[in-house]
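Quick note: the sequence shown uses the working numbering, first residue 56, plus one each step. What follows is a single structure, written as structure tokens, with notes after it.
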Amino acid sequence: MTREAHIGAVLTETQALVAAMPMLNDFVCDALEGLQRQDLPPRHRNAVDLLQQNAGLPTCALTAPLVHAIKAAANELHWSQSYTEAQVSAHFLEHSGWFNLVSPEGPYLHQDIRVSIGYWHNGLHYPDHRHEPEEIYCVLAGGATFRTENRPPVDAKPGDLIHHPPNIRHSADMTDSALLAIAFWKGANLLRPSDLNT
Ligand SMILES: [Fe+2]
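Following this line, the structure appears as structure tokens:
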């Protein structure tokens, strides 16, 4: 498969997942249709190797096709990190990473929706953070304990959705399992990094 086909397959399987889940469909509406491409060069992160080596990470029938497409495309994607070593730790940065699939900067362009996919390896704790855009996470593989202010913790598994209104404080604990998740953001300041520990 070509690089373009690999990235296209990630979008196609994301569209299929959204179509199959009414809550995601209501959130995203038709924003994933007819998107323009803006190519971003491949950028590797250590987390890509950890994800690809983690063959036994459990998934479910609904998310397995997207997980397969992500792993197949992983070396073609523009992986990023949000934080500095001083904010989190070198260990956190070496064991996590994410890429945008849809955003105002591509690789599929949209001004009002951001879709990103991230991997956090076993044993990580993603500390409290908040952001202005409204968010829905969908666990694709593995799982995590999501902690959101004023809610009981949720042990989320593949296919589970976690909704965060704007600016609500939340964290995720990967003590028991690695996590591969897709996040849908909607609202202002889509590219602004989250505020940590506030
Ligand atoms: Fe979030």
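Yeah, the Cβ is synthetic: ideal placement off N, Cα and C, and Gly gets one too. The structure presented is a predicted model; accordingly, all values stated were derived computationally and were not measured.
Quiz item: What first and last residue would you give for the alpha helix (DSSP H) that runs through VAL122?
Solution: As a working mapping, residue 122 is identified with position 67 in the sequence shown. Its alpha helix (DSSP H) spans residues 119-128.
Quiz item: Since LEU234 is in the beta strand (DSSP E), which residue starts that stretch and which ends it?
Solution: For this step, residue 234 is matched to residue 179 along the sequence shown. 234-241 is the span of the beta strand (DSSP E), which, as asked, contains LEU234.
Quiz prompt | Euclidean distance between Cα positions of THR114 and VAL122 | solution = As a first step, residue 114 is located in the sequence shown; it is residue number 59 there, counting from the start. As a first step, residue 122 is located in the sequence shown; it is residue number 67 there, counting from the start. Between THR114 and VAL122, the C-alpha separation is close to 8 Å.
Self-check item: Straight-line Cα distance separating PRO220 from SER171
Solution: Stepping through the sequence shown from its first residue, residue 171 is reached at position 116. Stepping through the sequence shown from its first residue, residue 220 is reached at position 165. In a straight line, the C-alpha of SER171 is about 17 Å away from that of PRO220.
Exercise. Decide if the segment 150-170 is in contact with the segment 129-141; the criterion is three or more beta carbon pairs, one per stretch, under 8 Å apart.
Key: yes
Quiz item: At which residue ranges does the segment 180-246 contain complete beta strand (DSSP E) runs of 3 or more residues, listed in the order of the chain?
Solution: 180-185, 189-197, 199-203, 209-211, 216-219, 225-228 and 234-241
Practice problem: Output the distance between the C-alpha atoms of HIS61 and HIS218, rounded to the nearest integer angstrom. | Solution: Within the sequence shown, numbered from 1, the residue matching residue 61 stands at position 6. Within the sequence shown, numbered from 1, the residue matching residue 218 stands at position 163. Looking at the two C-alpha atoms, the distance is approximately 29 Å.
Quiz item: Are the beta-carbon atoms belonging to PRO188 and TRP240 less than 8 Å from one another?
Solution: For the purposes of this step, residue 188 is taken as the residue at position 133 of the sequence shown. For the purposes of this step, residue 240 is taken as the residue at position 185 of the sequence shown. A contact, by the Cβ cut-off of 8 Å.
Practice problem: Would you mind reading off the limits of the alpha helix (DSSP H) that contains PRO156? | Solution: By one-based count along the sequence shown, residue 156 stands at place 101. Before going further, note that residue 156 is Leu rather than Pro in the sequence given. From DSSP, LEU156 is part of no alpha helix (DSSP H) but of the beta strand (DSSP E) over 151-158.
Quiz item: Given ILE223, which residues of its chain have a CB within under 7 Å of its CB, disregarding the five upstream and five downstream residues?
Solution: Your numbering for residue 223 matches position 168 in the sequence shown. For ILE223, where only same-chain residues beyond five positions count, the Cβ hits under 7 Å are ARG185, THR203 and GLU204.
Practice problem: Assign THR139 to one of two classes, buried (16 or more other C-beta atoms within 10 Å of its C-beta) or exposed (fewer than that). | Solution: Within the sequence shown, numbered from 1, the residue matching residue 139 stands at position 84. Its Cβ having fewer than 16 others within 10 Å, THR139 is exposed.
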